[in-house]
Amino acid sequence: MSYVRGFLPWIVLAVASSTIGWQWGALGALAATAVVLHLDRRAGIRAGALEFGGAVYFVALAVLAFAAPHSPLKAYDGALSSGWLAVIAGVGLATGRPFTLAIARRSVDEETARHPMFLHVNMVITAVWTVSFAAAALLGAACVATGESELVRIAVQVAAFAVPALFTKTYVARIGERRAALAAA
Numbered sequence: 005m006s007y008v009r010g011f012l013p014w015i016v017l018a019v020a021s022s023t024i025g026w027q028w029g030a031l032g033a034l035a036a037t038a039v040v041l042h043l044d045r046r047a048g049i050r051a052g053a054l055e056f057g058g059a060v061y062f063v064a065l066a067v068l069a070f071a072a073p074h075s076p077l078k079a080y081d082g083a084l085s086s087g088w089l090a091v092i093a094g095v096g097l098a099t100g101r102p103f104t105l106a107i108a109r110r111s112v113d114e115e116t117a118r119h120p121m122f123l124h125v126n127m128v129i130t131a132v133w134t135v136s137f138a139a140a141a142l143l144g145a146a147c148v149a150t151g152e153s154e155l156v157r158i159a160v161q162v163a164a165f166a167v168p169a170l171f172t173k174t175y176v177a178r179i180g181e182r183r184a185a186l187a188a189a
């Protein structure tokens, strides 16, 4: 559930942009980011790159969307969002601070979070998310350029979240099983 919470502003952006307009989608996503940041701060949880990177993107997108509502970039909003997420995730990998760390730390004890394997697992998970976001950005841009339907573009965006989310769930479960087997041995 914490992954859904982390991506909530991006989900707000996707839903609102396709229903009430990209300007309002950007503002809604920015508002959702502010709420998530506020709730996390009250709970004593440090914000991560996903939240701060998202806030920067949503501000820039809102400025663009309100300043030039008929910009040709409007059609590429899904691809641009995926591209920005790929940048956030890629920078985290390059700096050894994968974005998934902030999310994963919420569900483990401090000893687990300090273990080197915890970082390794999150590097692997973030790499999968990065590839998925980059692929969605490229496929989304190709869909727009070739005139694919909105339904196809939505399917690309859904797959960009569903595939790595499924991988994350199964990979973490597998790591947990290995850890339990080692502890029992």
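For the sequence shown, position 119 (counting from the first letter as 1) is numbered 123 according to this note's numbering, and the numbering increases by one without interruption. Glycine residues also receive a C-beta, built at the ideal position from the N, C-alpha and C atoms.
If you reduce the DSSP assignment to three classes, tell me which class residue 86 lands in.
Along the sequence shown, read from residue 1 onward, the residue named residue 86 stands at position 82. Note: residue 86 maps to helix in three-state DSSP.
Please say whether residue 16 and residue 33 have beta carbons closer to each other than 8 Å?
By one-based count along the sequence shown, residue 33 stands at place 29. By one-based count along the sequence shown, residue 16 stands at place 12. Yes, they are a contact pair.
What do you get for residue 113, buried or exposed, if any count of 16 or more other CB atoms within 10 angstroms of its CB means buried?
One-based indexing of the sequence shown puts residue 113 at position 109. The residue in question, residue 113, is exposed, as its Cβ has fewer than 16 Cβ neighbours within 10 Å.
Checking 8 Å against the spacing of the C-beta atoms, do residue 103 and residue 117 come in under that value?
As a first step, residue 103 is located in the sequence shown; it is residue number 99 there, counting from the start. As a first step, residue 117 is located in the sequence shown; it is residue number 113 there, counting from the start. Taking C-beta atoms as the reference points, residue 103 and residue 117 fail to come closer than 8 Å.
Should residue 99 go down as buried or exposed, given a rule of 16 or more other Cβ atoms within 10 Å for buried?
On the sequence shown, position 95 is the one that residue 99 refers to. Result: exposed.
Consult DSSP for residue 30 and reduce its assignment to one of helix, strand or coil.
What you label residue 30 is simply residue 26 of the sequence shown in a count that begins at 1. In this structure, residue 30 counts as helix in the three-state DSSP scheme.
When we look at the beta-carbon of residue 21 and count the other beta-carbons within 10 Å, is it buried (16 or more) or exposed?
The residue given as residue 21 occupies position 17 in the sequence shown. By the 10 Å Cβ count, residue 21 comes out buried.
How about residue 14 and residue 85: do their beta carbons lie closer than 8 Å?
Indexing the sequence shown from 1 puts residue 14 at position 10. Indexing the sequence shown from 1 puts residue 85 at position 81. In contact: residue 14 and residue 85 (Cβ atoms closer than 8 Å).
Can you tell me whether residue 137 is buried or exposed, with buried defined as 16 or more other CB within 10 angstroms of its CB?
By one-based count along the sequence shown, residue 137 stands at place 133. Burial call: buried.
In the DSSP assignment, the alpha helix (DSSP H) including residue 112 goes from what residue to what residue?
By 1-based counting over the sequence shown, the position of residue 112 is 108. Careful: residue 112 lies outside any alpha helix (DSSP H) and carries neither H nor E.
Please go through the same chain and pick out, in chain order, the residues whose beta-carbon is closer than 6 Å to the beta-carbon of residue 127, but skip the five residues on each side of it.
One-based indexing of the sequence shown puts residue 127 at position 123. These residues qualify, in order along the chain: 102.
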